[in-house]
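Enquirer: Below: one structure in structure tokens.
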Amino acid sequence: MADGYLRRTAITRPILTTEQQDLLDATIDEWKAACNISSRIGWEHGETRKTSLQDLAYDKVLGETRLGSQHAILATHQAAAALDGVEAIEDLDEHYKTSRPEFSSNTVKYDTRTMTLFDDGSVSLSTVDSRIQCDLNLPDEVDGYQHEYINDDEWEVTESTLSKRDGEYYLHIGFRKDKPEKQVEIQDDDEDRTVLGVDLGIVNIATTSTAYFASGRELRHQHREFERIRGNIQQTGTQSAHRTIQQMSGRESRYLRDELHQAANRILEEARTHDCEYIAFENLKHIRERAPPIKEFHQWAHRQLVDLVEYKAEAEGISVEFVNPKNTSRRCPECGHTSKGNRVRQAEFECESCEATQNADYVGAKNVGWRFVRRGLQSSRRTGDSQLALKSGTVTPNRGFVPSD
-5 MADGYLRRTA ITRPILTTEQ QDLLDATIDE WKAACNISSR IGWEHGETRK
45 TSLQDLAYDK VLGETRLGSQ HAILATHQAA AALDGVEAIE DLDEHYKTSR
95 PEFSSNTVKY DTRTMTLFDD GSVSLSTVDS RIQCDLNLPD EVDGYQHEYI
145 NDDEWEVTES TLSKRDGEYY LHIGFRKDKP EKQVEIQDDD EDRTVLGVDL
195 GIVNIATTST AYFASGRELR HQHREFERIR GNIQQTGTQS AHRTIQQMSG
245 RESRYLRDEL HQAANRILEE ARTHDCEYIA FENLKHIRER APPIKEFHQW
295 AHRQLVDLVE YKAEAEGISV EFVNPKNTSR RCPECGHTSK GNRVRQAEFE
345 CESCEATQNA DYVGAKNVGW RFVRRGLQSS RRTGDSQLAL KSGTVTPNRG
395 FVPSD
């Protein structure tokens, strides 16, 4: 959503009595009915705008469901958003066959008029009958990220979603706060700006121009172990084996997510430590094109890591940028000589011209950052230097290497 807010979601579990569960189940059913009524009306009239569909469908939703007025409005808006999505697909490909959106998921939307979050960690929810109030099952503050948003007055509650899966209820509470001004936007054009280059690889999942190496060895090992055990279990073909595989997939996803979160946090820490306003990555599309044999797992891990860094950098006011990685693994960062022969081994770089020897991933990270620095020189508005952050200082096109204080 392109607006002036940072948006986050805290996933919680409401603690409900049997009566409250029955009320929420009824509300979910009525919500689905209301969305489908609105979808049919919007489809018949070719209407995708929220306010216009609200005018067309609101009375019918109120008359044919047990929803309150605000939930009826939200249902028409939900249908309009779905219809707008169908229209967007048709605009992209006129030959793609689309159909009217149908709502069957066990969910219901809430906003600040239909839900209230209290300071004591309880929540009030509108239902088809009356409001219910219940506590939220939250982890301890040390372990639970949810407290970061619930207890911080800078974050305000916005639209949220209640869902029911496998008999369990989940409340996805939406929060927002003003975006911080990006450091790159509040600097004058004649000021220096520092870039952190990041290389994405296999041996090291990520390497920065400041010489932080996020090893991919353990990720690969754990993934292979999960694959081996999963393959052995699949051979049994029983229903119990299927449940075991699902449980294993959940454990693997949590492990990989935690490892990638830690790597993303370290990359952000490097950027903060070296006062970087930019983080430069290789464009993932070009990586796939130049290295088709790369395993699907590594493609997924790279994409997840970049997404996490973008997500975290936004809150820090740091811009994430992308460059074409062509020859970043072959160019010598010391003398500029570019040759396939510079890569003597996968993990080692030795320049044919100046004989400089470095870790190959570290060379890639410096070249990624340097390419972004050079790209900044093309701006006619810029009078200052962009500079690349290194472990022992910075390097600029005009002043060369500047050691750290």
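Residue numbers (our numbering): -5 to 399.
Every residue gets a Cβ at the ideal spot worked out from N, C-alpha and C, and that includes glycine.
Nothing here was measured: the structure is a model prediction, and the numbers come from that model.
(1) So, at 8 Å on beta carbons, what are the nonlocal neighbours of R251 in its own chain, with the 5 sequence-adjacent residues on each side left out?
(2) Who are V189's beta bridge partners in DSSP?
(3) V122: which of W25, R218, F112 and L156 sits nearest, CA to CA?
(4) With 16 as the cutoff for other CB atoms within 10 Å, does K44 come out buried or exposed?
(5) What's the gap between the Cα of I9 and the Cα of W294?
(6) DSSP three-state label for H166, please.
(7) By Cβ distance, which residues of its chain are closer than 8 Å to Q72, with the 5 residues on each side in sequence left out?
(8) Going by alpha carbons, who is nearest to T70 out of V80, F291 and G36?
(9) Do three or more CB pairs link the segment 356 to 370 to the segment 260 to 269 at distances below 8 Å?
(10) Rank D113, D53 and T155 by C-alpha distance to the C-alpha of S99 and give the top, closest one.
(11) Between which two residues does the alpha helix (DSSP H) holding S46 run?
(12) If you reduce the DSSP assignment to three classes, tell me which class F291 lands in.
(13) Considering only C-alpha positions, which residue in the set Y164, Q381 and Y139 is nearest to C400?
(14) Go ahead and pull the three-state DSSP assignment for R339.
(15) With C-beta atoms as the reference, is A27 less than 7 Å away from T59?
(16) With respect to the alpha helix (DSSP H) encompassing K26, which residues constitute its N-terminal and C-terminal limits?
(17) Extract the residue ranges of the alpha helix (DSSP H) inside the segment 97 to 177, only unbroken runs of 4 or more that lie entirely within it.
(18) Can you list, in chain order, the residues of its chain with a C-beta nearer than 7 Å to that of A341? Leave out the 5 residues immediately preceding and following it.
(19) According to DSSP, simplified to helix, strand and coil, what is V200?
(20) Determine the burial state of H215: buried for a count of at least 16 other Cβ atoms within 10 Å of its Cβ, exposed for fewer.
(21) Could you tell me the alpha carbon to alpha carbon distance between S116 and R2, rounded to whole angstroms?
(22) Compare the C-alpha of G210 against each of V367, E153, D193 and E264 and name the closest.
(23) Using the C-alpha atoms, what's the distance from N131 back to G330?
(24) Per DSSP, what are the beta-bridge partners of A4 in this structure?
(25) Helix, strand or coil for T267 per DSSP?
(26) Tell me, to the nearest whole angstrom, how far the beta carbon of A257 is from that of A200; I am working on the premise that it is less than 8 Å.
(27) Can you list, in chain order, the residues of its chain whose CB lies under 7 Å from that of N336, leaving out five sequence neighbours each side?
(28) Taking the DSSP output, what are the residues bridged to L194?
(29) In three-state DSSP terms, what is Y(-1)?
(30) Suppose the cutoff is 7 Å on Cβ atoms and the five residues either side in sequence are ignored; what does the same chain contact list for H255 look like?
(31) If I'm right that T108 touches Q140 with Cβ under 8 Å, what's the distance once you round it to whole angstroms?
(32) Measuring CB to CB, does N318 end up less than 7 Å from T332?
(33) For R431, which of helix, strand or coil comes out of DSSP?
(34) For E212 and A265, what's the separation of their Cα atoms in angstroms?
Expert: In terms of the structure at hand:
(1) These residues qualify, in order along the chain: Q298.
(2) Its beta-bridge partners are Y272 and L382.
(3) Answer by Cα proximity: W25.
(4) Classification for K44: buried.
(5) A direct Cα-Cα distance of roughly 35 Å separates I9 from W294.
(6) For H166, the three-state secondary structure derived from DSSP is strand.
(7) Result list for Q72: C29, S32, F97 and K103, in chain order.
(8) Of the candidates V80, F291 and G36, the one whose C-alpha sits nearest the C-alpha of T70 is G36.
(9) These segments do not touch.
(10) Closest by alpha carbon: T155.
(11) In the DSSP assignment, S46 falls within the alpha helix (DSSP H) that extends over K44 to E58.
(12) DSSP places F291 in helix when its eight states are reduced to three.
(13) As shown, the chain starts at -5 and ends at 399. That puts residue 400 outside it, with no answer to give.
(14) Strand at R339.
(15) Yes. Within cutoff.
(16) Per DSSP, K26 belongs to the alpha helix (DSSP H) from T12 to H39.
(17) Fully enclosed alpha helix (DSSP H) runs of 4 or longer: 140 to 144.
(18) Closer than 7 Å at the Cβ level, and outside the excluded window around A341, lie V197, N353 and A354.
(19) Sequence check: residue 200 is Ala here, not Val. Note: A200 maps to strand in three-state DSSP.
(20) When all chains shown are included, H215 counts as exposed.
(21) Cα to Cα, S116 sits roughly 19 Å from R2.
(22) The shortest C-alpha separation from G210 is found at D193.
(23) Cα to Cα, the separation comes out at about 57 Å.
(24) The partner list for A4 (beta bridge, DSSP) reads I167.
(25) Correct three-state label for T267: helix.
(26) Between the beta-carbon of A257 and that of A200 there is about 6 Å, and that keeps the pair under the 8 Å contact cut.
(27) Taking C-beta separations shorter than 7 Å and ignoring five residues to either side along the sequence, the partners of N336 in its chain run R324, C326, F343, E344, C345 and E346, following chain order.
(28) According to DSSP, which records beta bridges pairwise, L194 is partnered with A200.
(29) In the structure shown, Y(-1) sits in a strand (DSSP, three-state: E or B).
(30) Beyond the five residues adjoining it in sequence on each side, H255 comes within less than 7 Å, by CB distance, of L302 in the same chain, given in chain order.
(31) No, T108 and Q140 are not in contact; Cβ-Cβ is about 20 Å, not under 8 Å.
(32) With contacts defined as CB atoms closer than 7 Å, N318 and T332 fail to qualify as a contacting pair.
(33) A query on residue 431 cannot be resolved here, the shown segment of the chain reaching from -5 to 399 and no further.
(34) About 24 Å.
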